[in-house]
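Numbering follows my numbering, with no gaps: position 136 of the sequence shown is 179.
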Amino acid sequence: MKIRPAVVADADALAEVHVLGWQAAYRGMMPQEYLDGLSVADRADGWRNWLTTIQPPQAILVLDPGVAGFVTVGADDEEPGVGRVYAIYVRPGSWGQGRGQALMAAGVRQLALPGLGFSEATLWVLEANVRARRFYEAAGWFADGGMLVDESRGFPLEEIRYRRRL
């Protein structure tokens, strides 16, 4: 498995992985109408925009071949000196094959680069997403008691924060 930095040419594939990942991972946790309405074209525009403006310490790493998955990392907006895994998704047909583990390891290595100064990292996960929580715990993350309710999409999503040392 080859992991590399994302480039603008990856935008369409990133959008597809993102949408398919949401539709598979969040089925039953979000309104189905919302999931069905997700648009690869809309997400691709967002990805192109982000890929042309991204600056360290943010990084988007993709798993080849064919952008089989991605991880996005950077600084935690809420805690100075702490890194964050913002998103990690693998094409649903590839789940359970170690691709997510490889991406998570690459994301953690990226956050642990000496020049960034991060000694720990956080991530947020839907409280109801038991599969993802097991995945994070197996990778050395632990729930640290942080909780929030995200209503930015028009419905409440209860999230919990995970943390780990780098």
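The beta-carbon is built from N, C-alpha and C at its ideal position, and this holds for glycine as well.
Check, Outcome
"Return the CA-CA distance between residue 162 and residue 202, expressed in angstroms with no decimal places.", "23 Å"
"Note down, in chain order, each residue of its chain lying with its Cβ closer than 6 Å to the Cβ of residue 180, except the 5 sequence neighbours on either side.", "none"
"Nearest to residue 90 by CA position, among 62, 77 and 100, is which residue?", "62"
"What is the rounded straight-line gap between the Cα of residue 158 and the Cα of residue 83?", "35 Å"
"Once DSSP output is grouped into helix, strand and coil, what is the label at residue 134?", "coil"
"If distances are taken between C-alpha atoms only, which option among 56, 94, 117 and 93 comes closest to residue 100?", "117"
"Does the contact criterion of 3 or more C-beta pairs under 8 Å hold for the segment 136-149 versus the segment 44-62?", "yes"
"Residue 54 and residue 87 look like a contact to me (Cβ under 8 Å); what is the Cβ gap, rounded to whole Å?", "5 Å"
"Taking 7 Å as the threshold (C-beta atoms), are residue 164 and residue 189 in contact?", "no"
"Determine, using beta carbons only, whether residue 114 and residue 97 come nearer to each other than 7 Å.", "no"
"By how many angstroms is the C-alpha of residue 78 removed from the C-alpha of residue 69?", "8 Å"
"Kindly list the residues whose CB is nearer than 6 Å to the CB of residue 175, restricted to its own chain and excluding five residues on each side of it in sequence; keep chain order.", "168"
"Tell me which same chain residues have a C-beta within less than 6 Å of the C-beta of residue 137, skipping the five on either side of it?", "111"
"Give, in chain order, every unbroken run of the alpha helix (DSSP H) that is at least 4 residues long and sits entirely within the segment 89-167.", "142-154"
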